[in-house]
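Take a look at the structure set out below.
Numbering (this note's numbering), first residue to last: -11 to 508.
Put into structure tokens, the structure is as follows:
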């Protein structure tokens, strides 16, 4: 297997062999990558691998982590990844010329976008710029290729995500010519797929162990129902736009501030990993699967998984910049608009280089805030005066958002610590600077938040206890879903279409993101 942008969460007992060809450590003792250096020294992480099959075929294997995936791993420092095509070409040549590989397979956590339309992404660029890779088995973008994508003689496949599909690639190899033919077969993995008895037994043991750990703390087991999905619009949010699930999770984050005036909940779509079907009886496990990622950087609180939440503060001017960034992510997902913008003759072509890097996972789902953008005709600019706030106790944003945003005001915001790290990353800071959209998080004293003082701004679920008892992202989601109606929760814990349905989000008071042409 290879590394990805979440691999650091596996733990020290993880022993599956890893191939990683473009990873670089700092080579300095006493730094945070010493553990990886030890794995490399022990041979657990290898730069390349050659496997000789029973028929004598020598298969060269290389592992790559792409540029976009590295941007999604702000905690990887001091580990870096070399994306230079000349360096990758040297690795391919080494496998074939020095190690005798007759075909080369790249296991790439880089990804392909729009595989059924116009394929793009880091793995397409890899195939265009590096020769000699016969097959790229791609990941990261959570796409499934219904057919083999062929680019510059390289065959590219993506199996999908979360084990929902099994991809089988049958290849014909001619020695000296490489892969001459290939057939891709996708096998959907769902509830209709019979479970392996031995694996079911192991899962049962794991589930029992989880229940033993969480029931004394939460009074819930993983199969206990915590809510009901009353909406058909709570699926996995894969688009660069407003979604029912994105709004729901953002609402849960803002809920943790208890109705504070001017409060804003912010969650990036990239940390949302699942959705609910209409009528689904949502169990604890279902709830957790929506926001399952992460770990705190506080060693004292790493016994409970999940990203901890922070309260930051933004000036009104920077709140407006944040809304503009969200609108630009919508723009980046508009293929027609981006095709026009790519033309050097377009009057706003200078924006193209920045917008092309804004993926749907960067989309900011907001609670407590409403804005209007001008759409493609108006370069997706925020309409002046359109950014308004909902009442602090209107946790579901169902009433008119009538409170204006003051440029000089200070607004409390809740986000997870991962988003803070991404905001502090050099790549995003460079992008924001290029767009002229500074966003500087402040602490409650009005000072800029830094990597040195950020832990002081974590939410505390028990202020009476010594220190800070972290509120993980999934805890906020669970708290909101199980809250009593009189405390701002849902009647009978049913998540209603009236708050999160597609029709509601298209127009009306609950629609937080609107295009000018559609707004009365």
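Every residue, glycine too, gets a C-beta built ideally from N, C-alpha and C.
| query | Exposed or buried, which one is residue 395 when buried takes at least 16 other CB atoms within 10 Å? | reply | exposed
| field | Pairwise C-alpha distance: residue 349 and residue -5 | value | With a pLDDT of 48 at residue -5, under the threshold of 50, the modelled position of this residue cannot be trusted, and the question is left open.
| task | Since I believe residue 239 is in contact with residue 385 (beta carbons under 8 Å), could you give me their beta-carbon distance rounded to a whole number of angstroms? | result | 7 Å
| message | For residue 515, tell me which candidate among 356, 74 and 293 has the shortest Cα-Cα distance. | response | The structure shown has nothing for residue 515, since the chain only spans -11 to 508.
| field | Cβ pair count under 8 Å reaching 3, the stretch 411 to 428 against the stretch 269 to 288 | value | No: fewer than three Cβ pairs fall under 8 Å.
| said: Could you compute how far the alpha carbon of residue 495 sits from the alpha carbon of residue 503? | reply: Spanning the alpha carbons of residue 495 and residue 503 requires a straight line of approximately 10 Å.
| Cβ separation of residue 154 and residue 145, assumed to be a contact under 8 Å, to the nearest whole Å | Incorrect: roughly 12 Å between the Cβ atoms, too far for contact.
| field | Rounded distance between the beta-carbons of residue 359 and residue 370, thought under 8 Å | value | 6 Å
| query | Three-state secondary structure (DSSP) at residue 299? | reply | strand
| said: Assuming residue 82 and residue 53 are in contact, meaning their beta carbons sit under 8 Å apart, how far apart are those beta carbons, in whole angstroms? | reply: Contact doesn't hold; Cβ gap of about 19 Å is too wide.
| task | Just mark residue 407 as buried or exposed, buried being the case when its beta carbon has 16 or more other beta carbons within 10 Å. | result | buried
| message | When you compare the CB positions of residue 251 and residue 127, do they come within less than 8 Å of one another, or not? | response | no
| Continuous beta strand (DSSP E) assignments of at least 3 residues falling wholly in the stretch 156 to 226 | 166 to 176 and 213 to 218
| task | Using a threshold of 8 Å, state whether the C-beta atoms of residue 368 and residue 315 are closer than that. | result | Taking 8 Å as the cut-off, the beta carbon of residue 368 is found closer than this to the beta carbon of residue 315.
| query | By how many angstroms is the C-alpha of residue 90 removed from the C-alpha of residue 46? | reply | Each residue's alpha carbon lies about 5 Å from the other.
| message | Pull the bridge partners of residue 430 from the DSSP assignment, please. | response | 301 and 436
| task | Work out the CA separation of residue 33 and residue 109 for me, nearest whole Å. | result | Roughly 26 Å separates the two Cα atoms.
| request: Would you tell me roughly how many angstroms separate the C-alpha atoms of residue 70 and residue 93, rounded to the nearest one? | output: 18 Å
| Assigned secondary structure, residue 45 (DSSP; H/G/I helix, E/B strand, else coil) | coil
| request: Taking only the alpha-carbon atoms, compute the straight-line gap between residue 211 and residue 361 and give it to the nearest angstrom. | output: Here the alpha carbons of residue 361 and residue 211 stand approximately 42 Å from one another.
| Close Cβ partners of residue 514 (< 6 Å) along its chain, the five nearest in sequence each way excluded | This structure leaves residue 514 out entirely; the chain is present only between -11 and 508.
| message | DSSP three-state label for residue 34, please. | response | strand
| Which of helix, strand or coil DSSP assigns to residue 311 | helix
| query | Excluding the five sequence neighbours on either side, which residues of its own chain have a C-beta within less than 6 Å of the C-beta of residue 499, listed in chain order? | reply | Apart from sequence neighbours up to five positions away, the residues of its chain that approach residue 499 with a beta-carbon distance below 6 Å are 493, ordered along the chain.
| What is the DSSP secondary structure of residue 261, counted as helix, strand or coil? | coil
| Would a C-beta distance cut-off of 8 Å place residue 404 and residue 259 closer than the cut-off? | yes
| Counted within 10 angstroms of its Cβ, other Cβ atoms place residue 166 as buried (16 or more) or exposed | buried
| query | Alpha carbon to alpha carbon, what distance is there between residue 130 and residue 375? | reply | Distance between the alpha carbons of residue 375 and residue 130: 33 Å.
| field | Minimum C-alpha distance to residue 29 - residue among 6, 43 and 485 | value | 6
| task | Pull up the CB-CB distance for residue 513 and residue 111, whole angstroms please, since I reckon it's below 8 Å. | result | With the chain running from -11 to 508 in the structure shown, residue 513 is simply not present.
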